[in-house]
Every structure is written in C-alpha cells, then in structure tokens.
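Those protein sequences? They're chains A and B, same order as listed. Residue 209 is where the first sequence ends in UniProt numbering, and the numbering goes up by one at each step. Residue 209 is where the second sequence ends in UniProt numbering, and the numbering goes up by one at each step.
There are 2 protein chains.
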Amino acid sequence: MAVEPPTPGTARPGGRTARVRAAVLRAAEDALVEHGFAGLDLGDLAQRAEVGRTTVYRRWGSTTALVADLLTDMAEQSLPRARTGSLAGDLRANAQLVRRTLADPRQGALFRAVLAAANGAPGTADPGTTEALRRFYRRRVEEWAPCVTEAVERGELPPDTDEFEVIRAVSAPLYYRMLTTGEPLDEAAADRAAAAAEAAARAGAYRRP
Amino acid sequence: MAVEPPTPGTARPGGRTARVRAAVLRAAEDALVEHGFAGLDLGDLAQRAEVGRTTVYRRWGSTTALVADLLTDMAEQSLPRARTGSLAGDLRANAQLVRRTLADPRQGALFRAVLAAANGAPGTADPGTTEALRRFYRRRVEEWAPCVTEAVERGELPPDTDEFEVIRAVSAPLYYRMLTTGEPLDEAAADRAAAAAEAAARAGAYRRP
DNA sequence: ATCTTAACGGAACGGAAGTCCCATTAGCGG
DNA sequence: CCGCTAATGGGACTTCCGTTCCGTTAAGAT
Numbered sequence: 001m002a003v004e005p006p007t008p009g010t011a012r013p014g015g016r017t018a019r020v021r022a023a024v025l026r027a028a029e030d031a032l033v034e035h036g037f038a039g040l041d042l043g044d045l046a047q048r049a050e051v052g053r054t055t056v057y058r059r060w061g062s063t064t065a066l067v068a069d070l071l072t073d074m075a076e077q078s079l080p081r082a083r084t085g086s087l088a089g090d091l092r093a094n095a096q097l098v099r100r101t102l103a104d105p106r107q108g109a110l111f112r113a114v115l116a117a118a119n120g121a122p123g124t125a126d127p128g129t130t131e132a133l134r135r136f137y138r139r140r141v142e143e144w145a146p147c148v149t150e151a152v153e154r155g156e157l158p159p160d161t162d163e164f165e166v167i168r169a170v171s172a173p174l175y176y177r178m179l180t181t182g183e184p185l186d187e188a189a190a191d192r193a194a195a196a197a198e199a200a201a202r203a204g205a206y207r208r209p
Numbered sequence: 001m002a003v004e005p006p007t008p009g010t011a012r013p014g015g016r017t018a019r020v021r022a023a024v025l026r027a028a029e030d031a032l033v034e035h036g037f038a039g040l041d042l043g044d045l046a047q048r049a050e051v052g053r054t055t056v057y058r059r060w061g062s063t064t065a066l067v068a069d070l071l072t073d074m075a076e077q078s079l080p081r082a083r084t085g086s087l088a089g090d091l092r093a094n095a096q097l098v099r100r101t102l103a104d105p106r107q108g109a110l111f112r113a114v115l116a117a118a119n120g121a122p123g124t125a126d127p128g129t130t131e132a133l134r135r136f137y138r139r140r141v142e143e144w145a146p147c148v149t150e151a152v153e154r155g156e157l158p159p160d161t162d163e164f165e166v167i168r169a170v171s172a173p174l175y176y177r178m179l180t181t182g183e184p185l186d187e188a189a190a191d192r193a194a195a196a197a198e199a200a201a202r203a204g205a206y207r208r209p
C-alpha cells in the first residue's frame, strides 16, 4: 500500500519508458514547429507519439513542464565550437552557427516556441522551465567562451575581458532581430554581429568591473 | 437583414465601446503581468474589466488578437528621446530607459508576455499580432534613431552608418539577457550595452552594405 | 427629441481538455 | 527464469472554455 511514486519514469528509466519519452519529445518538437507553444496540446501529442493520453498527463502534467524536459534533452546535444585561429574567425563561425539555427524553418520555430514557453508563464507555471532554459544557454555559452579566453592570451583583447559576455554579445542582435523585427537573418547580419562584438571587445566594453 | 458587421467596435467607436476597450486592455495588462500569456483567459478578463464575457469573445475572439490590440495601444504612447549632446550620453540614456522598463516588475513581465504571445504561436494564430509587435519596435527605434544621425553629422561616426541598427544594438543585449539568463538587469549592464554599441559603431560595424 | 441599429450582456448549450479508475504490460532485481 | 511492481493505456467522468441565442442598452444621425 505504497503511496504514489514521486515522479513517474525515475525508478525504471530504461526500455519502454525511454522509448515513450523519446517519442513524446520528438512529437513535441513537431507540434511546436507547426503550431507554436500556444497551440501545444498534450492530447494531440499522445496521438502523434502513439502513446496513451494518460501517460503524457501523468509523466509531464503540463505543457511547460514538457518543454522543460525538451530543453534538458536539447542541452545534452552540444555542438563543438570552431577553432579558426583568430578571434574574428571564431566569432564569425559562432554567429553563422546561431544564424543558421535560427533561420532554419524547423529549428527557428522551435527556438521561438521554447523561448515563449519559458518566458510566457511566470509565477503560475513551474519555474523548472525557466531554469532549464538558462542551463541550456549557459552550456552553449560555456562551449564557445574559450575562443575569447584564447584571444585574451594571444593579446588580442584586454586581459580582464568577460569571455561569456562577448559570446552573448554575438548572439544577442540575432535573437533580437528574430523576435522583434521581420527582417531576414541573412549571413551579412551574422557577420555584422560578430564584427560588432569583436570591435566592442577590443575597445574594452566587456571588461569585468 | 444585414449580415454580421465586419468588425465590432468600428462603426460606433465612441462612448461605451471606448470605455469597454480601455477597461479590457487594462485588465489584460494586469492578467499578463500576473499569469503571463499562457495563463491569459478571456473569461477571467471579462470579470476583471466588469464586462460581459460575450463582449470580449466577440470583439477580440482570441488571446493573441487581444495582445495585438494591446500592442497597438502601447505603440501610441511613445516616449520622447533624450538629447544629451553626445552620442555616448544619448545611447546611455536609451539603454537606461530600456533597462528600467525591462527591470520593472510590471513592465518587464508585460514585455515578456507580449513577446511570448507574438512569437509563441506562428502560423496558427493571426499574423496581426506579430505585425503589431514589429510596428511597436519600429516606432520605438525610429524615435531614437536621430541620436545616431546627429552623431554622424557631427563626424563622430562613419557617414554611411545604419542608425536603426545602432539603436537596436543597444537594446539587443538587454533583451537577450532578460530572456536567456537569470542575471539581473542592473545599471552596469545598460551602460555596457551602450558603450559596446558605440564602440562597434565607431569601428564601422554598422555601415550600410 | 426621436429613431435606427451597433454594441453589450445574461443564460443556456456543446465540446474538448484534463482527471480518475483499473486492467494490462513489461522493466529489473532476484 | 520468475516474480514484483513501476509504468502504460483504454474508457468513463468532470470541469471549464468558447459559442450561440436573444433581449436590453445606448451611440450617432436626422
């Protein structure tokens, strides 16, 4: 006569449970790309994943919690950074990677939906979604930060440069453009983002206080 | 035996209709601040605004359409730009204004909710919301762009500098920080955003192609 | 001031989203 | 290989969102 298990899917994570999770997360991606976060329906998801409706409700409970799980899954697939030898080249490579991701119909829609999910329901929804999003971006930034550190060591940048802030400065204009304007994310925009971040970093705008 | 009117609220926009609109939009702001866009419920809104549920559904129909109307309303309250005399001062003033807005509990939550609404439901929802958001930001950028134009005329920046892009470059890092990291939007972050945009502009990173 | 009808609002309706119950399936430890 | 039970899934049930119907109110024109 044990009470309810704390969180379903933790005691027996292998085999079927893992298969169900993968199927639902993949279905969630598809649904987010098609209908966005606002149109995410757990019942529809169960059909897509060929999984019982009850299972989806029991395992995740809410759409935001499911997005949190999806973000955790996405964070595990980290992309290796470039190593071109120069700061300009590395930042350009990073900018083009971000641009390609956001400009891709599928990936771009997914990122917009995920951002909306994490920022569209404060207080009410579980804070786990916001935390998952932060972890995702922290990880991505940490992956590329060494580019800046190396540039500092080569003497290209001031010694007390905040390497994380430089990497974020590359992505920021691309995200801002995607979210607030309808202008396309072309390669020129990515190159400009990288060039601007580099110029600002050289001028010492990202030195630690 | 006329058919349904095209859009309710257009033939008799005065008096009660205007009062209802104002009450509902204000209630929508409150609800967005409290529960975010995902928790926006038209029925609850009607109660807050002390208005018939039917009216809200007939006038706006969906939560995204209501946010679109709210954005149109917000766009009309444009804030005057600063005139400090120097590019650095003007950009700092703009950065601090944006920072203050996003850091404010009410305004910040409202902006996150609105961004989520406009970017969280692509395809399915009316594209009017996205368009309203773009108009809002186009207007804000146009309000501040003269700062950059004047700096160009004073010879502080390259002649073919894209003034809109410089203004966007000031906001971008602040929005990116708000959306992807949990770090607070302090005054130092705003000053850094302004300094970075200025340095990049001086280096010619925002020259038109 | 009066008339027309656009717009509002209460109430009842239909349907879908989310929950509960319980039988069935299949991890995982022995 | 066997047994225990975590996890799944079908179906009934409940609740609430969005729509429809229709009478009432008041905006705007004459």
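All residues carry an ideal CB built from backbone N, CA and C; glycine is no exception. For clarity, every value in this text was computed on a predicted model and none was experimentally measured.
I want to see whether chain B comes within less than 7 Å of residue i, judged by CB atoms only; does it?
i: residue 116 of chain A; result: yes
i: residue 175 of chain A; result: yes
i: residue 57 of chain A; result: no
i: residue 1 of chain A; result: In this predicted model, residue 1 of chain A has a pLDDT of only 36, less than 50, meaning its place in the structure is not dependable enough to derive any value.
i: residue 96 of chain A; result: no
So residue i is in the alpha helix (DSSP H); what residue range does that whole segment cover?
i: residue 71 of chain B; result: 63 to 76
i: residue 111 of chain B; result: 105 to 119
i: residue 48 of chain A; result: 42 to 49
i: residue 171 of chain B; result: 163 to 180
i: residue 57 of chain B; result: 53 to 59
i: residue 136 of chain A; result: 128 to 153
i: residue 83 of chain B; result: Counting along the chain, residue 83 of chain B falls outside any alpha helix (DSSP H), and DSSP gives it neither H nor E.
i: residue 192 of chain B; result: 187 to 202
i: residue 34 of chain B; result: 16 to 35
Identify the contact partners of residue i in chain B, using a Cβ-Cβ distance below 7 Å as the criterion.
i: residue 119 of chain A; result: 112, 115, 116, 179
i: residue 205 of chain A; result: 192, 195, 196, 199
i: residue 106 of chain A; result: Under the 7 Å cutoff, chain B gives no residues; its nearest Cβ is about 12 Å from residue 106 of chain A.
For residue i, which option in the options has the closest C-alpha, if you only look at C-alpha atoms?
i: residue 173 of chain A; options: A:38, A:23, A:107, A:196; result: A:196
i: residue 68 of chain A; options: A:127, A:160, A:166; result: A:127
i: residue 146 of chain A; options: A:90, A:39, A:7; result: A:90
i: residue 62 of chain A; options: A:48, A:82, A:38; result: A:38
i: residue 27 of chain A; options: A:40, A:143, A:45; result: A:45
i: residue 184 of chain B; options: B:53, B:101, B:29, B:9; result: B:101
i: residue 36 of chain A; options: B:9, B:118, B:161, B:98; result: B:118
i: residue 87 of chain B; options: B:115, B:208, B:198, B:34; result: B:198
i: residue 165 of chain B; options: B:179, B:206, B:153, B:40; result: B:206
i: residue 139 of chain A; options: B:109, B:143, B:181, B:79; result: B:181
i: residue 209 of chain A; options: A:115, A:160, A:109, A:104; result: A:160
i: residue 76 of chain A; options: A:162, A:14, A:133; result: A:133
i: residue 191 of chain B; options: B:13, B:71, B:59, B:99; result: B:99
i: residue 13 of chain A; options: A:54, A:40, A:59, A:130; result: A:59
i: residue 194 of chain A; options: A:109, A:93, A:158, A:112; result: A:93
i: residue 175 of chain B; options: B:109, B:31, B:144, B:203; result: B:109
At the level of alpha carbons, what is the spacing between residue i and residue j?
i: residue 16 of chain A; j: residue 22 of chain A; result: 10 Å
i: residue 177 of chain B; j: residue 11 of chain B; result: 44 Å
i: residue 136 of chain A; j: residue 155 of chain B; result: 43 Å
i: residue 149 of chain B; j: residue 200 of chain B; result: 15 Å
i: residue 18 of chain B; j: residue 57 of chain B; result: 16 Å
i: residue 170 of chain B; j: residue 48 of chain A; result: 43 Å
i: residue 189 of chain A; j: residue 167 of chain A; result: 16 Å
i: residue 120 of chain B; j: residue 73 of chain A; result: 20 Å
i: residue 187 of chain A; j: residue 96 of chain A; result: 7 Å
i: residue 66 of chain A; j: residue 50 of chain A; result: 17 Å
i: residue 42 of chain A; j: residue 33 of chain A; result: 15 Å
i: residue 81 of chain A; j: residue 115 of chain B; result: 30 Å
i: residue 163 of chain A; j: residue 151 of chain A; result: 10 Å
i: residue 79 of chain A; j: residue 179 of chain B; result: 21 Å
i: residue 25 of chain A; j: residue 131 of chain A; result: 18 Å
i: residue 106 of chain A; j: residue 70 of chain A; result: 15 Å
i: residue 1 of chain B; j: residue 40 of chain A; result: Low confidence applies to residue 1 of chain B: its pLDDT is 36, below 50, so where it sits in the model is not reliable, and the reading given next is rough at best. Taking the straight line from one Cα to the other gives about 40 Å.
If we cut at 7 Å on Cβ distances, does residue i have a partner in chain A?
i: residue 134 of chain B; result: yes
i: residue 37 of chain B; result: yes
So which residues on chain A does residue i lean against when the C-beta distance must stay under 7 Å?
i: residue 182 of chain B; result: 134
i: residue 171 of chain B; result: 176
i: residue 151 of chain B; result: The premise fails here: residue 151 of chain B is roughly 16 Å from chain A at the closest Cβ pair, so nothing lies under 7 Å.
So with CB distances below 8 Å, who are the chain B contacts of residue i?
i: residue 188 of chain A; result: 209
Could you list which residues in chain B have their beta carbon closer than 9 Å to that of residue i, in chain order?
i: residue 168 of chain A; result: 173, 176, 177, 180, 181
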